[in-house]
Structure formats: C-alpha cells, structure tokens
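> Please read through the structure below; I'll follow up with questions.
There are 2 protein chains.
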Amino acid sequence: MNTMARDGKGRRSTISDVAALAKVDRSVVSRLINDDPRLNIRDTTRQRVLDAIEMLGYRPHAGARSLRTARTQTLGLLIPDFANPVYAEIIKGAERAAAKVGSVLVTGSATGAGANTGVYLDLLGHGRVDGLLLAGGTMSASQQDELARIRLPWLVINQAGPGKRRYIALDDQKAAALAVTHLVGLGHRRIAHIGGPRGSDTARRRRNGYLHALRQAGLEPDPALLVTAEYTPEGGAKAMTHLLQSSAPPTAVFVATVASAIGALHAAYEMSIAIPAQVSVIAVHDLPLAASLIPPLTTVRMPLQHLGARAVEMLLDEDPNEDIREVVSEPIELVVRESTAALGAGAGSARP
Amino acid sequence: MNTMARDGKGRRSTISDVAALAKVDRSVVSRLINDDPRLNIRDTTRQRVLDAIEMLGYRPHAGARSLRTARTQTLGLLIPDFANPVYAEIIKGAERAAAKVGSVLVTGSATGAGANTGVYLDLLGHGRVDGLLLAGGTMSASQQDELARIRLPWLVINQAGPGKRRYIALDDQKAAALAVTHLVGLGHRRIAHIGGPRGSDTARRRRNGYLHALRQAGLEPDPALLVTAEYTPEGGAKAMTHLLQSSAPPTAVFVATVASAIGALHAAYEMSIAIPAQVSVIAVHDLPLAASLIPPLTTVRMPLQHLGARAVEMLLDEDPNEDIREVVSEPIELVVRESTAALGAGAGSARP
DNA sequence: GATCGGTGGTCAACCGTTTGAGTCAGGCAC
DNA sequence: GTGCCTGACTCAAACGGTTGACCACCGATC
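Here it is as structure tokens:
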C-alpha cells in the first residue's frame with residue numbers, strides 16, 4: 001500500500017502517509033518527531049513509526065509547521081554586499097549562534113534585489129523568518145517604522161546613533177582612537193584618515209574617533225588629511241593617491257577598513273612609496289587577509305564574529321517592542337604588523 | 353472595530369482581518385493581492401481593500417501560502433564558506449537571476465552548521481525552498497540520493513564528473529590550459545602548480561588541465577612542481593614557500609585560485625623573491641581584488657556571476673527527475689597584468 | 001466490585017491562504 | 001414573463017502539522 005507516496009514521481013509524503021503506513025494516528029508521529037514529553041509509546045510502535053518515516057523519506061513541511069506554531073526556526077540577515085569580507089565574519093558568528101538555538105540563519109544581499117531593501121522586506125516579511133538582522137547599509141526612519149508595523153523582531157547591526165531604535169554596534173570610536181594613538185606613539189604628527197563613504201554610520205563614528213584622538217594628543221586636525229572612500233580597494237587606492245600627491249603628504253594613514261587599505265597599499269606601490277619607511281598604514285578589522293598583504297598590515301582587531309553572535313541572541317531574547325542600543329567595546333585590540341613604523345625610521349626599515 | 357489587530361501588541365493581522373475591515377470576503381482580498389484574472393471588482397471596493405491592507409500593515413503569511421500553493425518563491429544556496437570571495441560573485445549572479453523570476457535567494461554556509469550539510473538538508477528540506485543549489489564542498493553519492501528522495505529540485509555548482517547527476521560547472525580545464533599556455537608563451541619551462549585541496553572537484557579539473565596543457569606543449573610534468581593547498585592565503589603561502597625552497601625552483605607558478613595566490617605573492621615577498629622578475633605567478637578567477645595586489649595579478653577570468661545565474665535558471669527550468677550536466681566554457685579569458693613576465697626578462701622589470 | 005491512575009494511544013479544532021464552485025441581483029433578448 | 005448572461009461577490013474545502021482534550025484498557029487499591 002501507499003507506494004504512490006513512496007516511489008511515484010508524485011507528491012512528497014506527508015505526516016498522514018507516515019501515520020497510515022505505521023498504523024497510528026498522525027498525532028503520534030508528530031509528537032514523536034518533536035519529542036513531546038506527553039507522548040507515551042511502546043518501543044515496537046516507536047520503531048514502526050521511525051521505519052515508516054525512513055521508508056517514505058518523510059520531512060515535515062516547514063510551511064505547515066510554521067503556520068500552526070507561528071515559529072519558523074529561521075532568522076534572516078540582510079547585508080549590502082557579499083564581496084565585503086567583513087560580512088563573512090559577522091555571518092559566521094551569527095550562523096553559529098543561530099545553530100546553537102536550533103535555528104538556521106539565511107543571508108541575502110540587497111544587490112540582488114536591485115539595492116531595494118523593500119523587496120526583501122516583502123518577501124521575508126511575514127512567516128518566513130522569526131526575526132530580521134540588518135547589517136550595514138543605511139536605514140531610514142520610515143523603513144524602521146515599516147519594520148515595526150510588520151511586527152517582526154528586527155535589529156540593525158553597526159548603525160548606531162540617536163535616530164536608531166534597535167541596534168548593536170561596535171565601538172568604532174575606540175578602535176579609531178587605538179589606531180591614532182599607536183601612530184602618535186610612533187612619533188607621527190601628520191596623520192591622515194581615509195574614511196568610509198558618506199552616509200555610512202561606521203564611517204562617521206571612526207572619523208569622530210580619529211578627530212577626537214588627534215585632539216586628545218594635542219594635534220589639530222588638518223582638513224586636507226581627511227578624505228573619504230568607498231569600502232573597496234578601488235576607493236582606497238584613489239584616496240591614497242590623492243593624499244600622497246598633495247604638497248604636504250601625511251607620514252601615516254589611518255584607513256577605515258581593510259578593503260580600502262588593500263587599495264591604499266597598492267596606490268603607494270604604484271607611486272613607489274615605501275610602506276612603512278615613508279608612510280605608515282593602519283586599518284580597522286583584522287581579517288585573515290591582513291597578515292598576507294604586502295607588507296603585512298597593522299590593524300585594529302574588532303570582535304566581528306562576536307558581534308554577529310550577540311546580534312542573534314539579542315534579536316531572540318529582547319522584547320520586540322522595546323528599543324535596543326548596545327555597543328560592544330571588548331575585545332578591541334591593536335595587532336601590530338609591518339605596515340607601521342616609527343617616524344624617521346627612514347629607508348632603513350624598508351625592504352629591498 | 354478591529355483595533356486589536358491594528359495597534360495592539362498582539363498578533364499580526366491576517367487576511368481575515370483585512371476582509372472584515374473592508375467588508376468583503378477573504379477570497380476577494382486574496383484574488384486582489386495575487387491579481388487573479390477571475391476577479392471582478394468595483395473600483396470603490398478595490399480601494400476599500402487596499403486601504404484596509406495599508407491600515408493594518410497586512411503581509412500574507414508565507415507559510416500558509418506555501419502550504420496551500422506548494423511554492424515558496426524562495427531558493428536556497430549552500431556554500432562552504434563566506435570568506436572565499438569566489439562565492440560572492442556566484443551569489444550575486446544567482447540573486448539577480450532569482451529576482452528576475454520573482455523569487456528570493458537565501459544563502460547559508462556549512463560552517464555555521466558545524467560543517468554538517470545534513471543539518472541544512474533537514475532545515476531547508478521541505479516547504480522552505482523550491483530548490484536547492486549546492487556550491488563547492490564535496491557531495492557524496494548518498495547525499496545525492498538523499499536529495500533525490502526528498503523530492504526537492506537540486507543542482508550542484510562546480511562539481512562535475514561521472515559520479516554526479518545534476519551539476520553545472522565551469523570549464524576549469526580550459527582555464528588551466530589558458531594559464532599554462534600563457535606561461536609557456538613567455539618562455540617558461542619549469543612551471544609549477546599550486547593546486548586546490550584534495551577532494552575538491554575544481555582542484556582536480558584544474559590539475560588535469562595543467563598536466564594536459566604541459567604535455568601539449570611538449571613538457572614533461574615534474575611531480576616536485578605539483579603541490580596542493582587550501583583555498584586560503586595561508587595555504588597558498590605554505591605551498592609557495594615549499595616550491596621556492598626547493599633545489600630546483602620553478603620560474604613560473606600557476607595557482608588554482610586567487611585566495612591562494614595572495615598567499616603565494618606574500619611568501620615570495622617574505623623570501624625577497626621578486627615577482628615577476630624571478631618568478632611569474634598566474635591564478636584562476638579575476639576577482640576585483642586581483643588588480644589591487646602587489647604586483648597586480650595576471651588571472652584567468654571565469655564567468656562566475658553567469659554561472660550563478662545559469663544555475664538558478666536550470667534549477668527552475670529543468671525536470672527535477674532528469675540528470676543535468678552542463679559545462680560553461682564561455683567567456684573564459686586571460687587578463688594579463690604584472691605578475692607574469694617573459695623568462696629571463698631578469699631584474700630589469702622588477703620594481704625598485 | 002466500584003474506583004483510581006497509568007499507559008498508549010485517538011479525535012478534532014485550528015493555523016492563514018488559495019481556489020473551484022456557487023449565489024444573487026440586475027440587465028437584456030425574445 | 002421567462003430564460004440567460006454577466007458582474008461582483010460569497011462559500012467552503014483543502015494544504016500539512018500541532019496540541020489540548022478525550023478514551024479504552026489494565027492492574028492495583030480500597
């Protein structure tokens with residue numbers, strides 16, 4: 001009997017197929033696969049059911065289940081671009097945290113949907129995920145309202161500030177201060193900043209941290225040393241070229257992210273300017289890549305995986321109607337490699 | 353009336369709430385949002401319904417819908433690791449293709465699930481996605497059987513070979529031949545290969561292409577010049593160091609992927625070996641990053657975005673019970689930058 | 001010999017949508 | 001006046017699981 005559901009090209013088998021084959025009620029099958037403690041079952045019966053499941057290749061239908069239970073065991077993460085390696089780290093942490101609570105994390109990028117977050121909000125909006133994480137990018141107030149209206153728990157990653165209601169962010173200001181202080185400690189006075197794009201919240205905070213740390217060190221920021229760039233190698237290269245061509249170039253550069261730093265190093269190479277002999281370079285985010293650049297890049301390590309994991313936890317634990325504002329400050333630490341050197345160490349420290 | 357569903361902290365609004373508020377039957381609402389051609393509706397009624405939807409912030413419940421229609425408008429993509437930038441390109445292409453047919457692509461990585469693909473098969477298995485794309489990694493025959501049993505359309509990206517039943521892959525053999533031929537054309541005879549990890553299918557095909565192209569050029573492959581490495585900078589660095597320390601080092605190296613090439617360039621830098629003056633380096637995959645390496649990396653460009661897009665199309669178009677074997681060979685082309693040079697061009701072409 | 005408490009299940013309502021089939025009022029042809 | 005059509009809806013049965021309530025049987029207890 002029931003071979004139709006087993007080997008036909010036809011429909012997938014359902015819980016009723018399993019129940020019929022095992023000669024029990026559907027509810028027994030359901031309680032068994034969910035280990036419902038209210039289930040009392042003979043070992044022989046249990047085995048019959050398990051055999052039937054195996055024989056039919058039965059998997060519960062996620063839609064039906066979520067319809068009844070109002071839970072999907074799925075979390076969504078929306079990022080602007082998979083090509084930015086920073087997100088790979090955040091995703092890794094978030095996936096692990098999700099797995100720990102028996103959920104699966106699915107990630108999508110705004111590029112695919114024509115940079116239109118709205119499309120994803122529609123598609124993921126209701127009954128597909130239990131919560132939505134929004135990383136990077138920019139979020140308008142109306143988009144926040146929209147999210148709240150949908151009654152979906154949500155959390156923004158790395159966008160802080162007074163206009164935001166539910167976020168978790170890294171302490172970018174501290175990271176910037178750490179970088180600038182390192183350069184100052186090496187004797188640098190003309191310290192430039194290749195910041196992130198306008199509108200980016202992390203860029204704003206790192207820039208503030210840079211300005212603040214300079215002043216703390218008794219240095220007056222020079223507007224000519226403050227430029228912006230996309231978070232890409234191309235952006236970083238353009239900005240670095242601009243800085244190095246100026247009449248009074250910096251002796252050290254604090255780059256807002258490692259992707260831009262790759263371009264910055266490359267621009268210096270193209271102009272035959274030795275790093276760190278002539279110019280020191282330091283960047284935020286200690287990605288695996290950083291150690292393999294030429295020269296190995298001095299960075300400020302940020303707890304990206306932790307950020308992703310913590311975001312998942314808060315999304316699930318906190319009341320979806322309350323505001324969330326959390327800033328992660330630990331551990332943020334300097335990783336000194338070969339792209340920074342003391343001012344005036346001169347060509348002596350340059351590689352041949 | 354019905355304020356409960358609108359502004360209470362309570363449940364999300366359903367199609368019934370909308371119908372009640374607009375004083376029509378649920379079916380009218382349903383047909384309206386799906387533009388069912390069988391719907392005849394007065395303009396005033398239509399507006400009432402639209403207003404009710406807007407007022408309640410109504411979104412259809414994806415689970416209920418997929419339960420009824422047996423479609424989710426969602427496709428899943430499983431990759432081994434988000435840190436590998438090759439996948440960023442594939443994802444981009446796949447997302448765009450999915451969006452074009454009104455679906456959303458969600459991506460997950462095996463790392464999050466403890467490297468256990470099985471977990472994802474369970475979670476995504478049934479009723480959550482309309483089809484599953486599996487990229488990279490390795491797939492056993494039993495896993496293929498499992499997928500077939502679940503009756504979910506699936507397709508493997510970049511794993512070809514006789515044991516595989518449903519795949520789409522790039523012509524890695526051609527890419528390898530292009531690389532080797534370029535090096536041979538520059539006069540190189542001792543050409544090494546830093547291949548991908550054992551078990552990787554792309555690695556196997558690139559290695560075969562390398563061996564075949566060498567023989568085509570009348571060169572006998574030297575086993576000492578054939579090493580393997582993980583698809584990471586660290587892996588590439590280790591392999592390169594090994595090659596360069598040998599008593600008879602190569603004059604050119606064909607690296608299986610750009611991530612490893614980053615490490616290879618770095619290893620040469622650490623050993624003060626000039627690229628390309630002393631050793632030429634070429635790699636597969638022309639990622640944006642390649643142009644920003646030091647020196648800019650000569651690569652073989654592969655249509656990664658096209659691969660992702662085509663995978664989505666085939667997943668949806670082809671009969672899920674038939675085998676699929678497609679190899680994409682066009683466009684695959686050489687991108688010459690500065691990491692390769694003619695044999696014996698000597699230190700003259702090296703940068704200061 | 002009626003009652004009690006497990007044990008090992010069964011029954012049926014419900015979750016939110018979709019969709020084939022049916023209803024009903026009004027207009028038109030004959 | 002009857003029949004037929006059409007426009008504008010309404011009705012109700014699925015879809016596949018979950019879960020609180022219920023039941024039949026059996027051995028033990030009072």
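Protein chains in written order, with the working numbering: chain A, 1 to 352; chain B, 353 to 704. All C-beta atoms, glycine included, are put in the ideal place defined by N, C-alpha and C.
(1) Decide if residue 272 (chain A) is buried, meaning its Cβ has at least 16 other Cβ atoms within 10 Å, or exposed.
(2) Assuming residue 91 (chain A) is part of the beta strand (DSSP E), what are its boundary residues?
(3) Cβ closer than 7 Å: which chain A residues qualify as neighbours of residue 502 (chain B)?
(4) If the cut is a Cβ gap below 9 Å, which residues of chain A does residue 640 (chain B) touch?
(5) Closest by CA to residue 105 (chain A), which one among A:146, A:69, A:75?
(6) Please go through the same chain and pick out, in chain order, the residues whose beta-carbon is closer than 6 Å to the beta-carbon of residue 466 (chain B), but skip the five residues on each side of it.
(7) Taking the alpha helix (DSSP H) that residue 242 (chain A) falls in, what are its first and last residues?
(8) If we ignore side chains and look at the alpha-carbon of each, how far apart do residue 332 (chain A) and residue 170 (chain A) end up?
(9) Three-state secondary structure (DSSP) at residue 198 (chain A)?
(10) Quick check: what's the CA-CA separation for residue 508 (chain B) versus residue 657 (chain B)?
(11) So, does the CB of residue 364 (chain B) fall closer than 7 Å to a CB anywhere in chain A?
(12) Tell me whether the beta-carbon of residue 378 (chain B) lies closer than 7 Å to the beta-carbon of residue 365 (chain B).
(13) Would residue 227 (chain A) and residue 213 (chain A) be called neighbours here (beta carbons separated by less than 7 Å)?
(14) State yes or no: is the beta carbon of residue 18 (chain A) nearer than 7 Å to at least one beta carbon in chain B?
(15) State yes or no: is the C-beta of residue 172 (chain A) within less than 7 Å of the C-beta of residue 198 (chain A)?
(16) For a contact defined as C-beta to C-beta under 7 Å, what are the partners of residue 126 (chain A) on chain B?
(17) Tell me the rounded alpha-carbon separation between residue 502 (chain B) and residue 462 (chain B).
(18) Using CA coordinates, which residue listed in A:140, A:258, A:244, A:254 is at the minimum distance from residue 183 (chain A)?
(19) Mark residue 420 (chain B) as exposed unless 16 or more other C-beta atoms lie within 10 angstroms of its C-beta, in which case mark it buried.
(20) Label residue 526 (chain B) either buried or exposed according to how many other C-beta atoms from any shown protein chain fall within 10 Å of its C-beta, with 16 as the threshold for buried.
(21) For residue 646 (chain B), would you say it is in contact with chain A, using Cβ-to-Cβ distances shorter than 7 Å as the test?
(22) For chain A, find out if any of its Cβ atoms is closer than 7 Å to the Cβ of residue 614 (chain B); answer yes or no.
(23) Go to residue 410 (chain B), then tell me how far its alpha helix (DSSP H) extends in each direction, as first and last residue.
(24) Using the Cβ count rule (16 or more neighbours within 10 Å means buried), how would you classify residue 54 (chain A)?
(25) Considering only DSSP beta bridges, list what residue 606 (chain B) is partnered with.
(26) Touching or not, the region 399 to 417 of chain B and the region 624 to 634 of chain B, by the rule of three or more beta carbon pairs under 8 Å?
(27) Roughly how many whole angstroms lie between the Cα atoms of residue 555 (chain B) and residue 485 (chain B)?
(28) Can you list the residues of chain B that residue 88 (chain A) reaches, using a CB-CB cut of under 7 Å?
(29) Are the region 423 to 437 of chain B and the region 76 to 86 of chain A touching by the rule of at least three beta carbon pairs closer than 8 Å?
(30) Report all residues from its chain with a CB closer than 8 Å to the CB of residue 219 (chain A); omit the five preceding and five following residues, and keep chain order.
(31) Please determine, among A:52, A:34, A:286, the residue with the shortest C-alpha to C-alpha distance to residue 259 (chain A).
(32) Let me see if you follow: with CB-CB separation under 7 Å, is residue 376 (chain B) close to chain A or not?
(33) So, does the CB of residue 269 (chain A) fall closer than 7 Å to a CB anywhere in chain B?
(34) Going along chain A in order, which residues have a C-beta closer than 7 Å to the C-beta of residue 618 (chain B)?
(35) For a cutoff of 7 Å on Cβ pairs, would you count residue 467 (chain B) as touching chain A?
(36) Counting C-beta neighbours from all protein chains within 10 Å, is the total for residue 452 (chain B) 16 or more, i.e. buried, or is it exposed?
Result, derived from the coordinates:
(1) Note on residue 272 (chain A): under 16 other CB atoms within 10 angstroms of its CB, so exposed under the neighbour-count rule.
(2) Taken as a continuous stretch (DSSP letters only), residue 91 (chain A) belongs to no beta strand (DSSP E), being part of the alpha helix (DSSP H) at 85 to 100.
(3) The contacting residues are 57, 59.
(4) What residue 640 (chain B) touches in chain A: 83, 232, 233, 234.
(5) Comparing Cα positions, the closest option is A:75.
(6) Annotation note: pLDDT 49 at residue 466 (chain B) (below 50); position unreliable, no value reported.
(7) Looking at the DSSP string, the run of the alpha helix (DSSP H) that includes residue 242 (chain A) is 233 to 245.
(8) Put simply, the backbone Cα of residue 332 (chain A) is about 9 Å away from that of residue 170 (chain A).
(9) Here residue 198 (chain A) sits in coil by DSSP.
(10) For residue 508 (chain B) and residue 657 (chain B), the distance between alpha carbons rounds to 15 Å.
(11) Answer yes: the Cβ-Cβ gap between residue 364 (chain B) and chain A drops below 7 Å somewhere.
(12) Result no, Cβ atoms of residue 378 (chain B) and residue 365 (chain B) do not sit closer than 7 Å.
(13) No, they are not a contact pair.
(14) For residue 18 (chain A), the answer is no, since every Cβ of chain B falls outside 7 Å of its Cβ.
(15) No, these two residues do not count as a Cβ contact at 7 Å.
(16) The answer, in chain order, is 364, 411, 412, 413, 414.
(17) Residue 502 (chain B) and residue 462 (chain B): Cα-Cα distance of roughly 19 Å.
(18) Selected option, being the one with the closest Cα: A:254.
(19) The residue is exposed, with fewer than 16 neighbouring Cβ atoms inside 10 Å.
(20) A buried status is given to residue 526 (chain B), since no fewer than 16 other beta-carbon atoms sit within 10 Å of its beta-carbon.
(21) Output row for residue 646 (chain B): interface = yes.
(22) Yes - at least one Cβ of chain A is within 7 Å of the one on residue 614 (chain B).
(23) That residue, residue 410 (chain B), is in no alpha helix (DSSP H); it is neither H nor E in DSSP.
(24) Residue burial is scored here from C-beta neighbours: residue 54 (chain A) has fewer than 16 other C-beta atoms within 10 angstroms and is therefore classed as exposed.
(25) Partner(s): B:545, B:634.
(26) Contact between the region 399 to 417 of chain B and the region 624 to 634 of chain B is absent: fewer than 3 CB-CB pairs across the two stretches fall below 8 Å.
(27) Approximately 20 Å, taken between the alpha carbons.
(28) Contact note: residue 88 (chain A) reaches chain B through 434, 435, using a C-beta cutoff of 7 Å and chain order.
(29) Counting C-beta pairs with one atom in each stretch, the region 423 to 437 of chain B and the region 76 to 86 of chain A have three or more that are closer than 8 Å, which means they touch.
(30) Hits under 8 Å: 184, 189, 191.
(31) When only C-alpha atoms are compared, the closest one is A:286.
(32) Output row for residue 376 (chain B): interface = no.
(33) By this cut-off, residue 269 (chain A) is an interface position.
(34) Result: 292, 294.
(35) For residue 467 (chain B), the predicted model reports a pLDDT of 49, less than 50, meaning its position is unreliable; a value from the coordinates is still stated below. Cβ-Cβ to chain A under 7 Å: no for residue 467 (chain B).
(36) With fewer than 16 other beta carbons inside 10 angstroms of its own, residue 452 (chain B) counts as exposed.
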